[in-house]
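Q: Quick note, the sequence shown lines up with residues 54 to 130 if you use our numbering.
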Amino acid sequence: MSAFTDHRKRVYQVGLHNKFVRECVKENRSHALYDDRWADIQTHEVAAQTKTKALAMIEKNYPSCDGFVVDHVKRHD
């Protein structure tokens with residue numbers, strides 16, 4: 054079901070980066086797993102009922118234990 058047809062869900066824009074990649078780039082190195090672009094904020098859209106659920110979805114796909122950091126969450130109206 055699309056977020057645009059399910060009125061219970063909202064679209065959230067989530068900006069995140071990877072702190073380990075950022076450290077590597079500062080030292081003029083590349084991370085072994087993640088592209089250098091992860092040193093900068095990457096924006097992803099997530100369809101969820103609440104901001105909390107959107108953040109849970111992001112954590113599942115981009116775990117903080119792997120260095121991912123959420124910079125901002127905005128509801129996309």
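Ideal Cβ placement from N, Cα and C applies to all residues, glycine included.
(1) Quick check on DSSP: helix, strand or coil for Ala85?
(2) Only counting the same chain, and skipping five residues up and downstream in sequence, which positions put a Cβ closer than 8 Å to that of His70?
(3) Hey, how far is the Cα of Pro116 from the Cα of Arg61?
(4) What residue does the beta strand (DSSP E) around Lys113 start on, and which one ends it?
A: Based on what the coordinates show:
(1) Under the three-state reduction of DSSP output, Ala85 falls in the coil class, being neither helix nor strand.
(2) Cβ within range, chain order: Trp91, Ala92, Asp93, Ile94, Gln95, Phe121, Val122 and Asp124.
(3) Answer to the nearest angstrom: the Cα atoms are 26 Å apart.
(4) Segment Lys104 to Asn114 is the alpha helix (DSSP H) holding Lys113; no beta strand (DSSP E) there.
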